[in-house]
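Enquirer: One structure coming up, written as structure tokens, with questions to follow.
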Amino acid sequence: MCGGRSVELVVWCLGVLKAGGAYVPLDVDYPAERLSWMLVDSGVSVVLGAAGAASRLPSGPWRVVEVDGEVVGPVGEVPPPVKVTADSAAYVIYTSGSTGRPKGVVVPHSAVARLLHWGEEFLTAGPDDVWSMFHSSSFDFSVWEIWGALSTGGRVVVVPYWVSRNPEDFHRLVTDAGVTVLNQTPSSFAQFEDVDSRSDRPHALRWVVFGGEALEHASVRRWAARHGWDRPRLVNMYGITETTVHVTARTLGPDDVGDGLSRIGREVAGLTAHVLDPRLVPVPLGAVGELYVGGARLARGYVGRPGLTAERFVADPYARPPGGRLYRTGDRVRLRPDGDLEYAGRVDNMVNIRGFRVEPGEVEATIARHPDVGAAVVVTRPDEAGRAGLVGYVTPAGSATLTAAQVREWLRHQLPEYLLPARLVVLDALPLTPTGKVDRAALPEPELDGSLTGPAPRTPAERILCELFAELLGVPELGIDGSFFGLGGDSIMSIQLVSRARRAGLQLKPKDVYQQRTVRALAAVATTVDGADAGPADDGTGTVPLTPIMAWAREELGGPLDAFSQSMLVRVPAGQTVERVREAVQALLDHHPALRMRARTGPGDEPWELEIPPAGAVRADDCLRVVDLADADAADRPALIAAQARAARERLRPADGVLVQAVWFAAGPHVGNRLLLVVHHFAVDGVSWRILLADLRAACAALDAGRRPELEPAGTTLRSWARQVAALAGKPTRDDEPDRADEPTRADELAAWTRLLDRPDPPLGDRPLDRRVDVHGRLRSVTRTASPACTSAALTTAPAAYRTGVDEILLSALALALSPWLARRGRGGSDGVLVALEGHGRDGLVPDADLSRTVGWFTRIHPVRLDPGPVDGAQARTGGPTVSAAVKRVKEQLNALPPAGGYGVLRYLDPRTGPALARMPAPQVAFNYLGRFPAAEPDDWGPAEEGLVLRGGADPGDPVPHALEIGAVTVDGPAGPQLRTTWSWPAGLLAETDVADLADDWHAALEAVVASSATPSAGGHTPADLPLVSLTQDEIDDLEQELAAEQGAVS
41 MCGGRSVELV VWCLGVLKAG GAYVPLDVDY PAERLSWMLV DSGVSVVLGA
91 AGAASRLPSG PWRVVEVDGE VVGPVGEVPP PVKVTADSAA YVIYTSGSTG
141 RPKGVVVPHS AVARLLHWGE EFLTAGPDDV WSMFHSSSFD FSVWEIWGAL
191 STGGRVVVVP YWVSRNPEDF HRLVTDAGVT VLNQTPSSFA QFEDVDSRSD
241 RPHALRWVVF GGEALEHASV RRWAARHGWD RPRLVNMYGI TETTVHVTAR
291 TLGPDDVGDG LSRIGREVAG LTAHVLDPRL VPVPLGAVGE LYVGGARLAR
341 GYVGRPGLTA ERFVADPYAR PPGGRLYRTG DRVRLRPDGD LEYAGRVDNM
391 VNIRGFRVEP GEVEATIARH PDVGAAVVVT RPDEAGRAGL VGYVTPAGSA
441 TLTAAQVREW LRHQLPEYLL PARLVVLDAL PLTPTGKVDR AALPEPELDG
491 SLTGPAPRTP AERILCELFA ELLGVPELGI DGSFFGLGGD SIMSIQLVSR
541 ARRAGLQLKP KDVYQQRTVR ALAAVATTVD GADAGPADDG TGTVPLTPIM
591 AWAREELGGP LDAFSQSMLV RVPAGQTVER VREAVQALLD HHPALRMRAR
641 TGPGDEPWEL EIPPAGAVRA DDCLRVVDLA DADAADRPAL IAAQARAARE
691 RLRPADGVLV QAVWFAAGPH VGNRLLLVVH HFAVDGVSWR ILLADLRAAC
741 AALDAGRRPE LEPAGTTLRS WARQVAALAG KPTRDDEPDR ADEPTRADEL
791 AAWTRLLDRP DPPLGDRPLD RRVDVHGRLR SVTRTASPAC TSAALTTAPA
841 AYRTGVDEIL LSALALALSP WLARRGRGGS DGVLVALEGH GRDGLVPDAD
891 LSRTVGWFTR IHPVRLDPGP VDGAQARTGG PTVSAAVKRV KEQLNALPPA
941 GGYGVLRYLD PRTGPALARM PAPQVAFNYL GRFPAAEPDD WGPAEEGLVL
991 RGGADPGDPV PHALEIGAVT VDGPAGPQLR TTWSWPAGLL AETDVADLAD
1041 DWHAALEAVV ASSATPSAGG HTPADLPLVS LTQDEIDDLE QELAAEQGAV
1091 S
């Protein structure tokens, strides 16, 4: 059937089915190539069309019947009834295919009949109902609209195409015709609601059914504010063509549109829903998995595509009796405790933005929560440099005035920086497809209006910065008032800006970019340097003073620590050679002074000496070994790689400057080579690995292009930073200079640290830690992995809700888990739990230092005391107000700490303050979050999937500094980011069952924190957010509740 929306089209549908055939709806306006493909692919024998259809259709082995043009004679005898079975095809509807060719879905009569029978009962539909046929017959929503009306004796109002494109005309038709059942995509309904908000025409609606897209909350919320929730009832239905229109349904209420989530309800009309992982195993309750649909309403498959049918329609391992099928939807959902499903985006809709796996739907839902945004769409578009970036399109709500800058500033308080769209475009209305969905292909290219970024540059510094902005951001022209971050810049690009500005003769600090943002402001603070002096003040070679973390290692671990290291197994691009990698490793050794350091670390109280020789002192030939794995069985390779890692650690000799070992695993062209990097911990930390991997990639790319590697320069060298930190230890105290008592000094922080430490800390185990017995060779560990959904929320929406960082969220979960765990073991106290917190240590201690590109061990370790307040184990697992209050308490405790970097100076470098802090109780628990390692593209330089992202190593006899050490890292994977934790302890000090229980409790507490952040009342301010006023947490909570009540009354 080839025709537009019309009464005649409905008659044709009835005639085809009456004759025992199956109908294939086609749109005559489709391109000829697409029409030809669909006609050939479906194997149709007859094409029905209006007058003139034959001239517009491609020719083929089908007969075109122009219904209006044929002379139809009088009806004679009634033809004998046609036998149609329940399994006979009722229709074939084509949907988009990933290959670019549409695929035809064959739906049987039985599936449609079951859907309509359920719909009649659910809607209590009958002869008095009037249904609108808003959608094209090529969209399966029309099946529900046409046959839902006719099968219950109701009336169908066919909406002409151009009326469906004009919201005012469509609203008039709905009210004039007395439509009672309105079916809409959320995008179309947003426009319908906007017209309705300005109209006083009464309607007869009993039901509004949403489908085809994720629910758009803002328009539903506004509609319900005027009409209530009971007449009409609003229903969110989720479905797919392959499952006969609707899979699930949920009748909406106020709780469904206040939190940005898309609840799609429960399965209906003979279907089953399963939330499974890639192995078809059910995921835990609340975790995100892929939705698989089973039951009697599945389509037969795809016309002429047995391979694709077998791929998407798989055997149902849960069917009773056996023999059923499951349809793999490609949609990500989570099963809620109340039994409803919640939509979480497409499996294949994740995109990689600057190394982070991003679900545009997440950003879209957040933008839609802006009070002045009517509708929002987020897509990926390449910039002028070819980099993928997010672009957001928004429309104003009603008569609201909306600007891109306004939305962007609001988003900065809702999302982490990497999720912010690079461009925001304000439109009067979103373009729609013939089926009423957002037409993403018709969204305009984002354009930057140069007049909105201020006047042209006037000074040499402004001209340089404008050119650098344009180069980095892909913006052809801009003025001096354009914001770096407002134009799509991010933290990584800000580092590149500083580096390139230095090469161009302008000295900036990374913090300048964050504080000043515009060309005008940056040019005002930039200083001019000679090209020859644009690099660091020294080349990083020479004697290096002991840093706080090295002093910590000397005191807590002792010497010599030859095997104290970190390692990573790296995926190597296909075609890369060991010779080229050897040259790249040499470039790294020459470029990063810390990799050449000689560390003489004697036992006991012997002094440690650190020295860095010039570039060229360490040769890659001495560091790289080749191991052939081509003949090794796949099952044996992990053990062989582990043995080589141990051997590489044993070859490290810090005293001789052997801090780097590399092993090239030649596995053959079909398996892929691997590179093992083992680096002594004195030379690297978590941030350093990111720098090294990026430089390894850049060096190999330059060598592949026949160029000598020229790596991005570092700012402050390790040696220069260490010398400035050492000078802090000699900073005067007030007692030394009583006449300067009004000036704070490092020693002033001693009292604050003493107050934090000088309280009882119950023993974690049955005995104290003994460095003679509790050594690395006796370490045991358990690991846990959080779901991608929990991880994503812990990194994004939870910190945004509580106006804090990821560390505070993770430590809140630790506090919620530790306190009840200790109490169960009879070791609880009223003063919280003392924890040694590790951080990257690259900020704050030396304010002007730029360590963004410096390789070295900069880690800082300082104590924190975590007290979640009164909470038991059950509350920690279930969420709610108790968990929300605990997050705020922990956030305030962390904000009240003295500058974290100063503790290491006071404790380990300053002889006047060190002894006093050494007498204080030491934390028995250590926590270290290494951050997020973005997903590497296939064959890209990045962590190999068969190895741990970052593995630590040590001599078996080296002492363990803590009774329990918790290491956490986020790794991007195919299903999204996953937070992995490793819980390590010396055997005999703690029982494995106890540690496993604590690890499970922590993950359950993290789920509770995430769940609490998603509630409408989540988050809020704490005193740390309001430094200009003196308010308690209770007073802030009361004010926020009063404000919320007032806003509710106004709305």
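According to the working numbering, the sequence shown is numbered sequentially starting from 41. Quick reminder that beta carbons are idealized off the backbone N, C-alpha and C, glycines included.
Can you check whether the CB of Ala-444 is closer than 8 Å to the CB of Val-431?
Expert: Not closer than 8 Å, so no.
Enquirer: Which first and last residues belong to the alpha helix (DSSP H) in which Trp-158 is found?
Expert: Unbroken alpha helix (DSSP H) run through Trp-158: 149–163.
Enquirer: Report the option in Gly-580, Gln-964, Tyr-969 and Asp-883 whose CA atom is closest to the CA atom of Pro-654.
Expert: When only C-alpha atoms are compared, the closest one is Gly-580.
Enquirer: According to DSSP, simplified to helix, strand and coil, what is Glu-623?
Expert: Looking at Glu-623 - three-state DSSP - the assignment turns out to be helix.
Enquirer: Please go through the segment 1003–1032 and give each complete alpha helix (DSSP H) segment of 4 or more residues, from N-terminal end onward.
Expert: Qualifying alpha helix (DSSP H) stretches: none in this window.
Enquirer: How is Met-608 classed by DSSP in three states: helix, strand or coil?
Expert: Strand at Met-608.
Enquirer: Please work out which residues of its chain come closer than 7 Å, Cβ to Cβ, to Ser-491, disregarding the five sequence neighbours upstream and downstream, and give them in chain order.
Expert: Bear in mind that the predicted position of Ser-491 carries a pLDDT of just 47, short of 50, making it unreliable; the figure below should be weighed with that in mind. Within the same chain, Ser-491 has no close Cβ partners at all.
Enquirer: What are the uninterrupted segments assigned as alpha helix (DSSP H) that are 4 or more residues long and contained completely in the segment 858–943, given in chain order?
Expert: Counting only runs of 4 or more, we get 913–918 and 921–935.
Enquirer: What are the partner residues of Asn-276, as DSSP defines its beta bridges?
Expert: According to DSSP, which records beta bridges pairwise, Asn-276 is partnered with Phe-250 and Arg-290.
Enquirer: Answer yes if the segment 149–159 comes into contact with the segment 172–179, meaning at least three C-beta pairs across the two stretches below 8 Å, and no otherwise.
Expert: They do not touch, by the three-pair rule.
Enquirer: State yes or no: is the C-beta of Phe-43 within less than 8 Å of the C-beta of Leu-49?
Expert: It is worth fixing the name first, because residue 43 is Gly in this sequence and not Phe. The answer is yes: Cβ separation under 8 Å.
Enquirer: Per the contact definition of three or more C-beta pairs closer than 8 Å, is the segment 692–708 in contact with the segment 933–948?
Expert: The answer is no - the segment 692–708 does not touch the segment 933–948, with fewer than three Cβ pairs under 8 Å.
Enquirer: Identify, in the order they occur along the chain, each residue of the same chain with its Cβ nearer than 6 Å to the Cβ of Glu-502, setting aside the five sequence neighbours on each side.
Expert: Hits under 6 Å: Ile-520, Val-559 and Ala-563.
Enquirer: Quick one: what's got a C-beta closer than 7 Å to Pro-357's C-beta in the same chain, skipping five residues either side?
Expert: Closer than 7 Å at Cβ, skipping near neighbours: Leu-320.
Enquirer: Apart from the five residues just before and just after Leu-629, which ones in its own chain have a Cβ nearer than 7 Å to its Cβ?
Expert: Within the same chain, Leu-629 has close Cβ partners Leu-635, Arg-636, Val-658, Ala-660 and Val-700.
Enquirer: Could you round the C-beta distance between Val-86 and Arg-103 to whole angstroms and report it? I think they count as a contact, below 8 Å.
Expert: The pair is a contact, with the Cβ atoms about 5 Å apart (cut-off 8 Å).
Enquirer: How is Ile-731 classed by DSSP in three states: helix, strand or coil?
Expert: Three-state DSSP puts Ile-731 in a helix.
Enquirer: Can you tell me where the alpha helix (DSSP H) holding His-211 begins and where it ends?
Expert: Looking at the DSSP string, the run of the alpha helix (DSSP H) that includes His-211 is 207–217.
Enquirer: At which residues does the beta strand (DSSP E) containing Ser-302 begin and terminate?
Expert: First-last of the beta strand (DSSP E) with Ser-302: 302–307.
Enquirer: Give the single residue among Thr-284, Leu-885 and Ala-510 whose Cα lies nearest to the Cα of Ser-150.
Expert: Nearest of Thr-284, Leu-885 and Ala-510 to Ser-150, Cα basis: Thr-284.
Enquirer: Where does Leu-732 land, buried or exposed, given buried means 16+ other C-beta within 10 angstroms?
Expert: Buried, because 16 or more other Cβ atoms sit within 10 Å of the Cβ of Leu-732.
Enquirer: Ordered along the chain, which non-local residues of its own chain (more than five positions away) have a Cβ less than 7 Å from that of Phe-179?
Expert: These residues qualify, in order along the chain: Thr-475.
Enquirer: Can Asp-169 and Thr-215 be called in contact, C-beta distance under 8 Å?
Expert: No; because the gap between Cβ atoms is not below 8 Å, this pair is not in contact.
Enquirer: Should Asp-788 be listed as close to the ligand GDP, given that the test is whether its C-beta is under 7 Å from any heavy atom?
Expert: In the structure shown, the ligand GDP is absent, as is every other ligand, since no ligand is present at all.
Enquirer: Which of helix, strand or coil does DSSP assign to Glu-1092?
Expert: Lying before the first or after the last residue shown, residue 1092 is absent from the chain, which here runs from 41 to 1091.
Enquirer: Kindly indicate which residue of Val-565, Leu-819, Ala-723 and Arg-540 has the alpha-carbon position closest to the one of Ala-510.
Expert: Nearest option by C-alpha distance: Arg-540.
Enquirer: Count the other CB atoms, across all protein chains shown, that sit within 10 Å of the CB of Gly-329; report buried if there are 16 or more and exposed otherwise.
Expert: So Gly-329 ends up on the buried side.
Enquirer: Given this structure, state the Cα-to-Cα distance separating Leu-790 from Arg-372, to the nearest angstrom.
Expert: If I take the Cα positions, the gap works out to 51 Å.
Enquirer: Below 8 Å between beta carbons: does that hold for Arg-1053 and Tyr-842?
Expert: One detail in the question is off: residue 1053 reads as Ser in this sequence, not Arg. Closer than 8 Å, so yes.
Enquirer: Can you tell me the Cα-Cα spacing of Thr-1021 and Thr-406, whole angstroms?
Expert: Roughly 29 Å separates the two Cα atoms.
Enquirer: So, is Gly-1007 buried or exposed, given that buried needs 16 or more other C-beta atoms within 10 angstroms?
Expert: Classification of Gly-1007: buried, given that the 10 Å Cβ count is 16 or more.
Enquirer: Near Pro-778, which residues of its chain fall below 6 Å by C-beta distance, leaving aside the five closest residues on each side in sequence?
Expert: Confidence at Pro-778 is low in this model, with a pLDDT of 44, below 50, so the placement of that residue should be treated as unreliable; the coordinate-derived value is given next. So no residue of the chain qualifies.
Enquirer: Should the segment 921–929 be regarded as contacting the segment 879–893, the criterion being three or more beta carbon pairs within less than 8 Å?
Expert: Too few Cβ pairs lie closer than 8 Å, so no.
Enquirer: With burial defined as no fewer than 16 other Cβ atoms inside 10 Å of the residue's Cβ, what is the status of Lys-58: buried or exposed?
Expert: So Lys-58 ends up on the exposed side.
Enquirer: If you follow the beta strand (DSSP E) that Ser-172 is part of, which residue opens it and which one closes it?
Expert: Here the beta strand (DSSP E) through Ser-172 covers 170–173.
Enquirer: What does the Cβ neighbour count give for Ala-876, buried or exposed, with the cut at 16 atoms within 10 Å?
Expert: It is buried - the Cβ of Ala-876 has at least 16 other Cβ atoms within 10 Å.
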